[in-house]
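Here this note's numbering is used: the first residue of the sequence shown is 7, the next is one more, and so on.
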Amino acid sequence: MKKLLLPLFITSLFIGCETIEINTPGFQANLEGIFFKANDSKGIKREQNSYTIQGITENEILTIKVKKSRVGTYLFGGNSESFATFEDKNGNIYSTNPEGFGEVTITARNTGQQYLTGTFKFRGILPGIDTLTIDRGVFFEVPYDYNVSEEDEVPNNTELFIAEINGNPFNPFTIGGIGDETKIIITASTSSNEIRLRIPIDADTGNNVLPTSGYSATYTNNGNTQGAESGFIYVLENNIAERFIKGSFAFNTASSTIEEGIFEVEY
């Protein structure tokens, strides 16, 4: 998967009630008095024209999902299709849904050059433990990716991987598939979390209970890897000639629950 490394240059930073301003591609915010500046930022067009926008440092990741990319304001919280999460260096995930709140405003979208600009603020909840308030958030001309075939009228993203980990949205920054003569390995990761699926290269469509021969799933958090003790991988399509697979999954490890998994990956 292509990664875009985008340097961020701050033209002016104002403390208090004023805003942070940037004029080159970038992603930054105020985390309760701590300045967050991403050294890698990217947008991804998802299914049904939703967009995921991420800013990542060496050990943190801030994710915004907005249900549409039209200029306007989209609210977080409750059962909103738009949400925000912040994953800290310890793998703790603060989320706006369902108990937090906030908003993202798309102020500009350039479909020709494929970038988004906007602002955001939100309160994320680490259930039963802590809250985090993030404000004065700005993403400026963050590029978004998708793949288009000559026959497609609407662009499609061919690298899709979403899930929930212990009730929190998992929005990986890196998605990849590798296939050899016997198996397909699908890996999706953030700075501290990784989900990995193993599927036979000749897998037919249908449901496969975990664990079973040829099929496996693991979840890694901060270097601690646990395998699936129960669950399933459902293969919806496996096109060996085109080297493309899609499906759904859910599984339980000794200490975590992974649900609502969907993947569409080339290998």
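For glycine and all other residues, C-beta sits at the position ideal for the given N, C-alpha and C. From a predicted model like this one, the values you see are computed outputs, not experimental measurements.
- Under the Cβ criterion (8 Å, minimum of three pairs), the region 182-200 counts as touching the region 78-97.
- Taken through DSSP and simplified to helix, strand or coil, N45 comes out as coil.
- Straight through space, the alpha carbons of I168 and N245 are spaced by roughly 21 Å.
- In this structure, A194 is the residue among A194, N177, P175, F176 with its C-alpha nearest to the C-alpha of I184.
- The count of Cβ pairs closer than 8 Å, one atom from the region 36-46 and one from the region 58-70, reaches three, so the stretches are in contact.
- Cβ atoms of A223 and G237 come within 8 Å of each other, at about 7 Å.
- Straight-line spacing of the CA atoms in I171 and N177 works out to 10 Å.
- DSSP places Y57 inside the beta strand (DSSP E), whose first and last residues are 57-62.
- A distance below 9 Å separates the beta carbons of I207 and T188.
- Assignment of S236 by DSSP, reduced to helix, strand and coil, places it in the strand class.
- Rounded to the nearest whole angstrom, the CA to CA distance from E87 to P149 is 21 Å.
- Annotation for Y100: the continuous beta strand (DSSP E) segment containing it runs 99-101.
- The alpha helix (DSSP H) runs of length 4 or more contained entirely in the region 166-223 do not exist; there are none.
- Taking 9 Å as the cut-off, the beta carbon of G143 is found no closer than this to the beta carbon of F107.
- Secondary structure of R76 (DSSP, three-state): coil.
- From the listed residues I50, N230, V271, T137, the smallest Cα separation to F250 is found for V271.
- Here DSSP, grouped into helix, strand and coil, assigns N36 to strand.
- Listed as beta-bridge partners of P133 by DSSP are no residues whatsoever.
- In the displayed model, T259 falls within coil according to three-state DSSP, outside both helix and strand.
- In this structure, DSSP gives D141 an extended state, which the three-state scheme calls strand.
- Contact check for G130 and I140: beta-carbon distance about 7 Å, within the 8 Å limit, so the pair qualifies.
- T231 is classed as exposed because its beta carbon has fewer than 16 other beta carbons within 10 Å across all chains shown.
- Apart from sequence neighbours up to five positions away, the residues of its chain that approach V72 with a beta-carbon distance below 6 Å are Y57, Y80, S88, V110, ordered along the chain.
- Inter-residue distance for N214 and P104 is about 31 Å (C-alpha atoms, whole angstroms).
- Residue pairing for S254: DSSP places it in a beta bridge opposite Y240, I268.
- Bounds of the beta strand (DSSP E) holding N116 are 107-116.
- Secondary structure note for E93: its beta strand (DSSP E) is the uninterrupted segment 89-93.
- Annotated as distal: L203 and I268, with beta-carbon spacing of 9 Å or more.
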